[in-house]
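Have a look at the structure below, then the notes.
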Amino acid sequence: MSEPASYKTPHLILKLVLGIPITIAFFWGFLWAGGGLGWTRGWGLLGVMFVGETLRAVYTARAQPEMAKRRGEVGEGTPTWDKLWLTVFSLVIGAVFVVAALDGGRYQWAPLPAWWFGPGLVAYVLYLFGLGWAMAQNPHFEKSVRVQSDRGHRVIDTGPYAWIRHPGYLATFFGFGLAPPLMLGSGWGLVVALALLIWLIVRTALEDRFLQRELPGYADYAQRVRYRLFPGIW
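For the sequence shown, position 66 matches number 74 in the working numbering, and the numbering has no gaps at all.
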């Protein structure tokens with residue numbers, strides 16, 4: 009059952025108001041970890057991500073307006089294991105940024121040359137295109153794993169889903185695993201990014217098992233499109 013409009017409006021306003029100090033705290037903490045307000049690479053990453061995420065949000069709202077409204081929510085029917093996965097996922101993403109900031113900015117444990125900002129920017133652009141393409145094709149692209157019986161959930165096999173079963177996760181690794189350490193010049197950040205990749209692989213396995221059991225047609229789709237993340241590998 010959909011939520012009444014009288015609930016949705018103040019709920020969204022509250023989320024927005026609470027999000028402002030959280031965002032400010034994140035920016036301050038990130039720049040502090042990198043050495044302070046004069047950290048050029050840190051400002052560069054924040055600027056790129058601010059512009060990129062804004063463009064992605066606008067594009068998604070136009071391409072899939074209904075999906076965009078519920079994208080940040082954990083939907084009804086989400087299994088407990090996925091709620092746990094999402095919690096750990098947030099921690100791992102945070103670890104990538106913290107370690108990359110400490111290494112690439114403040115302490116320089118394993119610094120990468122400045123020109124690595126370019127490949128990092130390419131990785132982030134690939135993330136934007138990959139995630140945008142997947143979202144445009146898939147009206148069921150939600151934050152959590154569940155069968156959206158309230159929205160006529162069906163298997164999507166067009167666009168990037170014709171090549172791999174979880175293109176959004178591959179894009180996420182490019183955007184939040186590879187891009188931050190490369191743009192910030194952090195070798196140790198790339199090591200932590202491996203933990204993110206492993207955690208994404210874990211979810212593809214768990215999600216596939218869930219969908220093959222619960223979503224009609226997904227088992228046949230998994231036979232047609234054999235690979236989850238990397239064509240020819242996994």
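Every residue, glycine too, gets a C-beta built ideally from N, C-alpha and C.
{"query": "Straight-line Cα distance separating S194 from M75", "result": "35 Å"}
{"query": "Straight-line gap, F97 to G185 (C-alpha atoms, nearest Å)", "result": "12 Å"}
{"query": "Residues bridged to P119 [DSSP beta-bridge criterion]", "result": "S194"}
{"query": "Endpoints, the alpha helix (DSSP H) within which D158 is located", "result": "Neither: D158 is in no alpha helix (DSSP H) and is coded neither H nor E."}
{"query": "Residue burial classification, W47 (beta-carbon count within 10 angstroms, cutoff 16)", "result": "buried"}
{"query": "Where F38 sits in the DSSP three-state scheme", "result": "helix"}
{"query": "Inter-residue Cα distance where the pair is L202 and A69", "result": "31 Å"}
{"query": "Local conformation of Q72 per DSSP, three classes", "result": "coil"}
{"query": "Close-in-space but distant-in-sequence residues of the same chain around V210 (CB under 8 Å, 5 per side omitted)", "result": "W93"}
{"query": "R173 vs Y235 beta-carbon contact at 9 Å", "result": "yes"}
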